[in-house]
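When you line the sequence shown up against my numbering, it's residues 66 to 179, in that order.
Backbone N, C-alpha and C define an ideal beta-carbon position, used for all residues, glycine too.
What follows is a set of notes on a single structure, which appears directly below.
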Amino acid sequence: TLPPALIVHLKRFDYDYQTMTRLKVKDYFEFPFSLDMEPYTVEGLHRRENSTPDAPAQQELYSLSGVLVHSGSADAGHYYSFIRDSAQNQHAPPTEATWLQFDDTSVEPYSLSS
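Take a look at the structure:
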């Protein structure tokens, strides 16, 4: 079984041994609002290995609840986050849910269409 919360961390910093400098990876990255991890579970792998991909699967669905953002360089910068408000519209699709931007001492509503 999978844990109730899934945290995905992307390594966005690297080190160039030729120039001996730290680098920030600035490649574009897009992620879904929901992620079904069933294909990666023991049960999901077993179902695929036994050639029964059409057999009903138990979804292991995670919904996006937050994103942490780093702005700046590999040497200095600032973190802020976007968090889905779990007190409001808890079962609403992520695009219809209330999102908040947390930036140091300020908390502001955030529109995903921005």
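- Taking the CA atoms as reference points, Tyr82 sits about 42 Å from Glu114.
- The three-state secondary structure of Pro104, taken from DSSP, is helix.
- Rounded to whole angstroms, the separation of the alpha carbons of His135 and Phe78 is 11 Å.
- Comparing alpha carbon positions, the residue from His111, Leu67, Ser116 and Tyr145 closest to Asp169 is Tyr145.
- Lys89 is positioned such that its CB atom lies closer than 8 Å to that of Ala139.
- Here Glu114 carries a helix assignment [DSSP, helix/strand/coil].
- In the DSSP assignment, the residues bridged to Tyr145 are Val134.
- Distance from the CA atom of Ala162 to the CA atom of Ser171, rounded to whole angstroms, is 20 Å.
- When only Cα atoms are considered, Leu71 and Tyr127 end up about 7 Å apart.
- Of Glu108, Leu129 and His74, the smallest CA-CA separation from Leu100 is found for Leu129.
- Relative to the Cα of Pro97, the nearest Cα in the group Trp164, Thr160, Ser176 and Lys76 belongs to Thr160.
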